[in-house]
Amino acid sequence: MKESRHRLQSLRTSSTDNNPNGPYRYTSYEMDDPEDQYSTDGLKFGSGEARLLSETTSKGTQVHPQVKVITKKKKQPNHYDGYLKLCLCGLSIMGLAYAIHFIDPISVIKNIMLSMSEGSYLFKMWKSPPIKLYIKVYIFNITNANEFLDGRDSKIKLQEIGPYTYSETIINEDIEWNENSTISFTPRRKVVFEPELSAGDPYKDVITVTNVPLLGIASALHNSSIGINLALSTIISYLDARPLLNRTVDAFLWGYDDPLVKLASNVLPTWINFERFGLLDRMMDEGENRITMLLENTNTSSQYSIENYNGSPGLSQWGYDAGSNVTRTCDRVTGSVEGILFPRNLQPSQSFTVYRKAFCRSLPIVFDRQEKTKAGYPAYVYTFPKDILDPENPNNKCYCDRFGRCLPPGLSDLSPCYYNIPVAISLPHFIYANKSLGSRVEGLNPNPEKHGTVFAVQPEIGVPLFVRTRVQLNIVVKKTKFIPRVKNFDNMVIPIFWLQVELVSLPDSVLNLLSLLLIYGPVIQTSSIVLLFILGLGLVFTANIRYAWRSGLFAQRRQQAALISYRQKNKANVRIVWKSSTYAQILPKPVPTHIVESGR
């Protein structure tokens with residue numbers, strides 16, 4: 003800051019001025035900083051500090067408060083340049099804050115990292131998901147086999163055992179990018195037993211279960227001729243096939259030698275193309291499947307949905323015919339998702355269907371509630387609707403036979419996908435089902451909390467955070483003819499096991515990304531915008547205040563306020579006159595007059 007030199011000098015008056023006190027002695031002072039306040043016996047009216055002048059005469063020392071302050075300033079600095087620079091700096095910072103708000107860097111990062119293109123982060127995660135799905139199997143062990151077979155008990159008593167847990171990993175191979183914004187691929191699944199997460203050893207634990215091939219074939223032929231049923235009864239007796247078996251858990255799930263299955267595979271290889279029978283082995287044997295998935299569409303709810311499965315948008319098992327004009331949703335897979343990726347920016351009004359070949363159909367999930375996970379991520383929670391397996395639901399018309407006969411409410415037929423063996427899925431322990439389904443069995447305890455399905459999906463990203471899909475496999479035995487060994491099982495629905503396909507948590511790399519995009523990133527971005535705007539606004543405000551101060555806009559009021567304060571303090575009868583930047587303080591005689599001048 004350039005300094006202004008301020009000279010304080012006393013005024014001399016002569017005897018010709020009619021001043022009875024005689025001549026005065028001159029005294030002068032140099033004042034340093036123009037920003038300080040001058041004072042004369044408490045009078046503050048400018049810069050620096052001035053003392054009372056004294057005069058030595060023959061009458062003694064007299065103090066005279068008659069003072070004149072003359073401010074002599076050098077060439078004033080150009081305050082406008084500094085003001086302009088500070089103002090431009092503040093406006094630039096405010097512009098940066100607006101640019102961050104307008105561009106929204108968090109959204110830009112989302113779009114880059116979550117775009118499905120070759121080599122992108124999302125593509126790598128989808129191609130080889132760094133997650134494990136856990137398949138937990140709860141088996142219904144029959145505890146009264148002999149009593150039921152000999153007729154002493156009319157109901158089968160069930161004991162739920164498990165879980166026996168298997169991890170499933172998926173790799174998508176043979177990837178082909180199509181010109182119509184779709185991608186084709188072949189999923190490969192690998193299942194490994196997880197002993198630490200299991201309740202027992204599947205290789206040692208022995209259970210009593212239904213002979214699914216025997217009961218299934220007998221039930222499948224219930225409408226056949228008498229000759230066919232008699233021939234089947236003879237074969238069953240010859241092979242000594244029994245309706246209830248003792249098997250290890252591993253054999254029951256993944257395969258055991260069954261004489262009836264082996265015979266059927268030799269006689270009817272086009273129908274039964276395997277010699278060992280295991281329920282999970284059949285359900286998980288998806289073979290070579292080619293899936294085409296939609297990547298982009300004007301309808302964002304279709305993003306990452308299945309376009310066609312093995313070249314077809316529908317399932318022939320449920321009557322889909324490409325040449326038919328009939329449009330039904332129940333025989334279609336188009337629009338379903340696999341459950342690994344969901345569209346981004348979900349809305350509560352959206353619902354989905356999830357397709358997995360093992361379930362032989364698409365299963366609808368609907369929005370249930372909105373909540374936050376333990377890690378703080380917002381999530382939409384989806385679940386199965388209560389009428390998911392109700393034949394009265396128009397979306398389930400496909401799952402009735404060609405004569406319009408449907409399974410009881412709570413069951414969905416799987417037989418077209420499993421060699422016409424009458425198996426059906428339900429919800430575990432028949433929750434939301436017709437009570438008659440469990441009338442011939444004991445040991446079921448339906449609990450919606452324990453047996454319901456939950457899909458927790460992050461709505462902005464479209465990534466499942468937590469999944470528990472629960473379904474039960476049952477065998478539906480029809481009224482058989484001329485087969486005494488299975489007569490006690492006529493018109494029964496027997497639970498076999500229920501599955502929980504579970505995604506417990508995401509890997510750390512995905513969780514870190516979610517934390518950045520959903521929690522920390524938005525907070526940092528919003529805080530930066532607010533702080534930058536406040537800083538820029540503060541600089542603009544400061545620039546205006548400094549410009550007004552240095553250009554002297556406040557000088558007159560400061561000096562006027564100082565003189566008023568002095569007058570009130572000393573209770574003097576004074577009159578203040580403002581004349582061209584000069585304060586004239588006129589006091590009544592004989593008190594000497596104070597004259598204050600401030601040049602600018």
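Heads up: the sequence shown is residues 3 to 602, going by our numbering.
Positions of the beta carbon are idealized from the N, C-alpha and C atoms, including for glycine.
Computed from a predicted model, the values in this text were never measured in an experiment.
Return the bridge partner residues of residue i from the DSSP annotation.
i: Val532; result: Per DSSP, none; premise fails for Val532.
i: Glu178; result: Ser186
i: Ile108; result: Answer is none; Ile108 lacks a bridge partner.
i: Val356; result: Val339, Leu365
i: Ser428; result: Gln474
i: Phe142; result: Glu162
i: Arg278; result: Asp259
i: Arg249; result: Ile209
Helix, strand or coil for residue i, going by three-state DSSP, please let me know.
i: Tyr136; result: strand
i: Pro261; result: helix
i: Ile433; result: coil
i: Asn273; result: According to the sequence shown, residue 273 is Trp rather than Asn. Looking at Trp273 - three-state DSSP - the assignment turns out to be coil, as it is neither helix nor strand.
i: Gly316; result: strand
i: Lys159; result: strand
i: Asp152; result: coil
i: Gly378; result: coil
i: Thr236; result: helix
i: Ser517; result: helix
i: Lys192; result: strand
i: Phe663; result: There is simply no residue 663 to check, as the chain begins at 3 and stops at 602 in what is shown.
i: Pro523; result: It should be noted that the sequence gives Gly, not Pro, for residue 523. Looking at Gly523 - three-state DSSP - the assignment turns out to be helix.
i: Gly50; result: With a pLDDT of only 37 at Gly50, under the threshold of 50, the placement of this residue in the model should not be trusted; the figure read from the coordinates follows. In this structure, Gly50 counts as coil in the three-state DSSP scheme.
i: Glu309; result: strand
i: Tyr205; result: coil
i: Phe254; result: helix
i: Leu241; result: helix
i: Gly601; result: Confidence at Gly601 is low in this model, with a pLDDT of 41, below 50, so the placement of that residue should be treated as unreliable; the coordinate-derived value is given next. In this structure, Gly601 counts as coil in the three-state DSSP scheme.
i: Thr294; result: strand
i: Ser169; result: strand
i: Arg334; result: strand
i: Pro197; result: helix
i: Phe543; result: helix
i: Arg284; result: helix
i: Gly321; result: coil
Does the Cβ of residue i have 16 or more other Cβ atoms within 10 Å, making it buried, or fewer, making it exposed?
i: Gly229; result: exposed
i: Pro350; result: exposed
i: Ser56; result: At Ser56 the pLDDT is 40, less than 50, meaning the model places this residue with poor confidence; the figure from the coordinates comes in the next sentence. With fewer than 16 Cβ atoms within 10 Å of its Cβ, Ser56 is classed as exposed.
i: Lys376; result: exposed
i: Ala201; result: exposed
i: Gly316; result: buried
i: Gly164; result: buried
i: Pro396; result: exposed
i: Asp207; result: buried
i: Glu504; result: buried
i: Ile137; result: buried
i: Asp260; result: buried
i: Ile342; result: buried
i: Gln372; result: exposed
i: Pro424; result: buried
i: Tyr306; result: buried
i: Val110; result: exposed
i: Ile427; result: buried
i: Ala99; result: buried
i: Thr374; result: Note that residue 374 is Lys in the sequence shown, not Thr. Under this definition Lys374 is an exposed residue.
i: Gly92; result: buried
Does the segment 182 to 196 come close enough to the segment 467 to 484 to have 3 or more Cβ pairs within less than 8 angstroms?
-> Judged by Cβ distances under 8 angstroms, the segment 182 to 196 makes no contact with the segment 467 to 484, as fewer than three pairs qualify.
*Any chance the segment 493 to 509 sits against the segment 132 to 143, with 3 or more Cβ pairs inside 8 angstroms?*
Judged by Cβ distances under 8 angstroms, the segment 493 to 509 makes contact with the segment 132 to 143, as three or more pairs qualify.
Which residue spans inside the segment 437 to 512 form an unbroken alpha helix (DSSP H) run of at least 4? DSSP runs (the alpha helix (DSSP H)) wholly in the segment 437 to 512: 450 to 453.
Worksheet item: So does the segment 278 to 285 actually touch the segment 233 to 250, counting three or more Cβ pairs closer than 8 angstroms?
Response: The segment 278 to 285 vs the segment 233 to 250: no contact.
Would the segment 458 to 471 count as touching the segment 366 to 380 if we require 3 or more Cβ pairs under 8 angstroms?
With the cut-off at 8 angstroms, the segment 458 to 471 and the segment 366 to 380 touch.
Quiz prompt | Contiguous beta strand (DSSP E) assignments of at least 3 residues, all confined to the segment 368 to 421 | solution = Runs found: 380 to 385.
Inter-stretch contact (C-beta, 8 angstroms, three-pair minimum) for the segment 97 to 108 and the segment 541 to 553: Contact between the segment 97 to 108 and the segment 541 to 553 is absent, because fewer than three Cβ pairs lie under 8 angstroms.
ask   = Three or more C-beta pairs closer than 8 angstroms, one from the segment 178 to 186 and one from the segment 213 to 229: is that the case here?
value = Not touching, per the Cβ criterion.
Mind the definition here: the segment 532 to 549 touches the segment 112 to 126 only if three or more C-beta pairs lie below 8 angstroms; say whether that holds. Contact between the segment 532 to 549 and the segment 112 to 126 is absent, because fewer than three Cβ pairs lie under 8 angstroms.
query: Touch check for the segment 387 to 400 and the segment 305 to 316: three-plus C-beta pairs under 8 angstroms?
result: The answer is no - the segment 305 to 316 does not touch the segment 387 to 400, with fewer than three Cβ pairs under 8 angstroms.
Note to self: Check whether the segment 150 to 161 and the segment 519 to 532 are in contact - that is, three or more C-beta pairs closer than 8 angstroms.
What the structure shows: Flag = no, the segment 150 to 161 and the segment 519 to 532 do not touch.
contact_flag[the segment 416 to 435, the segment 446 to 458] where n(CB pairs < 8 angstroms) is 3 or more = Cβ pair count under 8 angstroms is three or more, so yes.
Review point. Any chance the segment 463 to 473 sits against the segment 169 to 182, with 3 or more Cβ pairs inside 8 angstroms?
Key: Output reads no: the segment 169 to 182 does not touch the segment 463 to 473.
*Stretch-stretch touch, CB-based, cutoff 8 angstroms, three pairs: the segment 269 to 280 with the segment 167 to 176*: Counting C-beta pairs with one atom in each stretch, the segment 269 to 280 and the segment 167 to 176 have fewer than three that are closer than 8 angstroms, which means they do not touch.
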